[in-house]
Amino acid sequence: MKKIFLALFTSMVVMPFFANNIYAESDIEGHYFEEEMRLLIEMNILKGYGDGTYKPDEPITRAQFTALVVRLLELPETDEFPSFTDIKKDDWFRVEVATAEKYGLVKGYENGQFHPDYKISRQQMAVIMDRVIQYKEASPGNIELTFADEKEIADWAKSAVQTVVNFGLMNGKLINDELFFAPNDPATRGEVAAVLTRFLRAIGEVDDSPKRVVNVTQYPYDFQTVLSMQADNNPKVDGTGLFTATEELVAYYLNPENFSEDDPEFFQFLKLSYTDGFDGDMINADILPQSEGNPLKGTAEYFLEAAERFQVNPIYLIVHALHETGKGTSDLAKGVPVNDEGEIVEEEEATHIVYNMYGYGAVDSDPLQGGAKYAFEQKWFSPREAIIGGAEIIANSYITKYGQDTLYKMRWNPENPTVHQYATHVEWATSQARELYELFSTYDLVDKAILYFDVPKYINQPASSPLPAPEDRYAVFEVPDGLIGETKVNLKFRTYPWGTVMETLKKGTTVSILGENGGWYKVSVDGKVGWVSGDREYFNIKNALQIQLDSGYLNVRKDPTTNATIVGRLKNNDIVYGVIDENGKFVMDGTKKWYKIHYKINEKWDYAWIYGEFVK
């Protein structure tokens, strides 16, 4: 048999049929044995049905299994007729059965018949695979398993079952924490694919260098339409959720064409369904944090348990946790003391310590309290409970229930843009993709797995969308004309928020405010444009007026009279911007009792009036 190389990229375009926001997929998409079946399909060993399906859960017949084995071994066909009395000349499987019989791989029943249409049982499959192992003169393995139903295994099959188990071809079925071989259960097409694939890998007939299968899924949305929707959905430049991104920055991360198959960021399209073959000791030693006291140290068994239980890629779960917890250093990872209401308290007052490894509930406004409250409600009172419980939510909330089984789909949801998206940070998917790529590459984690990628494509999708310069990544929110600021300390004047310092503005410097984003102001001073922090300790808006009320609300009116139309309301301690004249004085009406202010009416800046008695 020639060695099979799979280091090539296989690309397939999936054209979805939309109905109630659900598109048709292959019947092996997301199946437990998807990887194994796709491998045999690519090798032209496993054939589909006329309707394009592969029926992974359908029992396989003796004739079908025999044909697969003959194709697997690439046995030369024989002209001889099989000895079985129930095989006819025009049977599609005649040559395969004859070939398998010639090489001693199959035998019939005592009555001389083959019974080609009988469903092959798991123990019958084991017997044939035992003969395949002997034919290939393969060395035996050393895996030992004990099955709860050993007495049900037929005497004629016991030796073969032990051989295929030792060889790692069949592992049994876990039912209520007991391992069963289920010898009389019919073997399904998916199970057969797994057994044959394991055999190929065991004898080295598959080159397991990194290999990829890339699907391209076409969505019925125009790229520009989706871009506008996402840009209006409060996307963030930064992971802390402070600064809103420009449409140009959103376009860069939204456009799949910007990421080639050679880029680490391409792993945002990696399908996150379950893949086995990962060693817990290696994960603990080489991937998870090693420092004493780190809550993620030595937790590989929890991630592997969660991955298998909920059918999620274990390395993705680990990367997700490392990303959200700062590699196990966050307070939510180390444990947060809470009371019986889930509110954060001092440790001596706590009734519970809660853990949160995936950032659930950690909203931008108060991530610690939000994440702790969520963990309390989920009863995550140990790192194990947080790892496994969070994995279940990831699977049910995104990967399994909603089909958002790639990082890209979680972030941008191309099937239903802006709905059910995991994060606001525009780099969320690519940043995690880089970590995934690093782990897969550094630790050779793909030596037993084909990597499946699903790349979205929109209508009128550009060939590329350029990454804007850093100063062009921050949206500039409109402020009213004539807004004046003043530095209260020597203040750094930067190219963009936290960007390069152009100069330091002296205390008392007056600037014209051009826009705002995340508590920073874009300003103009001496013909230069840049950004300054809007922290009240450092910067003052000279137009600012603070409302002081003992109770109730202050009406905002269109004109300076109590009979004028009310266009809004203000509450105690609200800040509004007064209109300033050329002398730097607040503009008031003729009675000097009403302040003219800048106020948004119907989402546009306009002029309005407030009564001065309630203004500080």
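Using mature numbering (1 follows the signal peptide of the UniProt record, and there is no 0), the letters of the sequence shown map in sequence onto residues -19 to -1, 1 to 597.
C-beta: ideal position from N, C-alpha, C; glycine also.
This structure is a prediction, so every number in the text was calculated from the model and none was measured.
For residue i, the first and last residue of its enclosing beta strand (DSSP E)
i, result
"Ala525", "Ala525 to Gln527"
"Leu495", "Thr491 to Asn498"
"Arg475", "Leu472 to Arg475"
"Ile299", "Run containing Ile299: none in the beta strand (DSSP E); it sits in the alpha helix (DSSP H), Pro295 to Thr306."
"Leu54", "Run containing Leu54: none in the beta strand (DSSP E); it sits in the alpha helix (DSSP H), Arg43 to Leu54."
"Tyr389", "No beta strand (DSSP E) contains Tyr389, which is instead part of the alpha helix (DSSP H) from Leu388 to Trp393."
Contact check, residue i vs residue j, beta carbons under 9 Å
i, j, result
"Tyr339", "Gln292", "no"
"Pro237", "Tyr389", "yes"
"Glu17", "Gly185", "no"
"Tyr592", "Lys574", "yes"
"Phe162", "Val176", "no"
"residue 598", "Val513", "Because the chain spans -19 through 597 in this model, residue 598 falls outside it and cannot be assessed."
"Gly342", "Lys354", "yes"
"Arg179", "Phe148", "yes"
"Val195", "Phe434", "yes"
"Leu551", "Leu417", "no"
"Asn536", "Ile528", "no"
"Leu349", "Asp386", "no"
"Glu518", "Val470", "yes"
"Thr144", "Asp166", "no"
"Thr476", "Pro451", "yes"
"Ser446", "Tyr233", "yes"
"Lys473", "Val482", "yes"
"Lys597", "Tyr588", "no"
"Lys382", "Thr198", "no"
"Arg365", "Thr280", "yes"
"Val335", "Ala372", "no"
Cutoff 7 Å; reference residue i; Cβ partners in own chain excluding five residues on either side
i, result
"Asp243", "none"
"Arg392", "Gln402, Tyr403, Ala404, Trp409 and Ala410"
"Val56", "A small fix is needed here, since residue 56 is Leu in this sequence, not Val. Same-chain partners within the cutoff: Thr80 and Tyr84."
"Gly29", "Tyr35"
"Arg538", "Ala545, Thr546, Ile547, Val548, Ala589 and Trp590"
Three-state secondary structure assigned by DSSP to residue i
i, result
"Ala331", "coil"
"Glu6", "With a pLDDT of 45 at Glu6, under the threshold of 50, the predicted position of this residue should be treated as unreliable, and no value is reported."
"Lys139", "helix"
"Met483", "strand"
"Ile268", "coil"
"Thr169", "strand"
"Val596", "strand"
"Gly261", "helix"
"Phe284", "helix"
"Asp587", "strand"
"Ser209", "helix"
"Trp73", "coil"
"residue 654", "Not covered by the structure: residue 654. The range shown for the chain is -19 to 597."
"Ser445", "coil"
"Lys469", "coil"
"Thr225", "strand"
"Phe291", "helix"
"Tyr454", "It should be pointed out that residue 454 corresponds to Arg in this sequence rather than to Tyr. In this structure, Arg454 counts as coil in the three-state DSSP scheme."
"Asn147", "helix"
"Pro191", "Only weak support is given to the placement of Pro191: the predicted model assigns it a pLDDT of 46, under 50, and the value that follows is read from those uncertain coordinates. Looking at Pro191 - three-state DSSP - the assignment turns out to be coil, as it is neither helix nor strand."
"Gly131", "The sequence shown places Glu at residue 131, rather than the Gly named in the question. If DSSP states are grouped into helix, strand and coil, Glu131 belongs with the helices."
"Asp111", "helix"
"Tyr116", "helix"
Sequence-distant residues of the same chain with beta carbon closer than 6 Å to residue i, five excluded per side
i, result
"Lys523", "Ile465 and Glu467"
"Ile285", "For the record, residue 285 in the displayed sequence is Leu; it is not Ile. Closer than 6 Å at the Cβ level, and outside the excluded window around Leu285, lie Gly261 and Pro295."
"Ala305", "Before going on, a small fix: residue 305 reads as Glu here, not Ala. Excluding sequence neighbours, Glu305 sits near Tyr339 and Gly340."
"His301", "Tyr339"
"Lys581", "none"
"Glu6", "Unreliable placement is indicated for Glu6, whose pLDDT of 45 sits below 50; the coordinate value is still reported in the next sentence. Correct list: empty, nothing qualifies."
Endpoints, alpha helix (DSSP H) assigned at residue i
i, result
"Arg19", "Glu15 to Glu23"
"Phe357", "Pro348 to Gln359"
"Asp312", "Asp312 to Lys315"
"Tyr234", "Glu228 to Leu235"
"Gln94", "Note, Gln94: premise wrong, no alpha helix (DSSP H); not H, not E."
"Gly85", "It is not in any alpha helix (DSSP H) - Gly85 carries neither H nor E in the DSSP assignment."
8 Å Cβ shell around residue i - same chain, five flanking residues per side excluded
i, result
"Val76", "Glu58 and Thr59"
"Pro63", "Arg75, Val78, Ala79, Glu82 and Phe95"
"Ile369", "Tyr283, Glu286, Ala287 and Arg290"
"Glu594", "Lys574"
"Tyr116", "Leu54, Tyr84, Gly85 and Leu86"
"Asp540", "Thr546 and Trp590"
Paired residues, beta bridge with residue i - DSSP
i, result
"Leu535", "Leu551"
"Glu437", "Just to set this straight, residue 437 is Pro in the shown sequence, not Glu. Pro437 pairs with Thr198."
"Glu159", "Ile156"
"Leu251", "Phe434"
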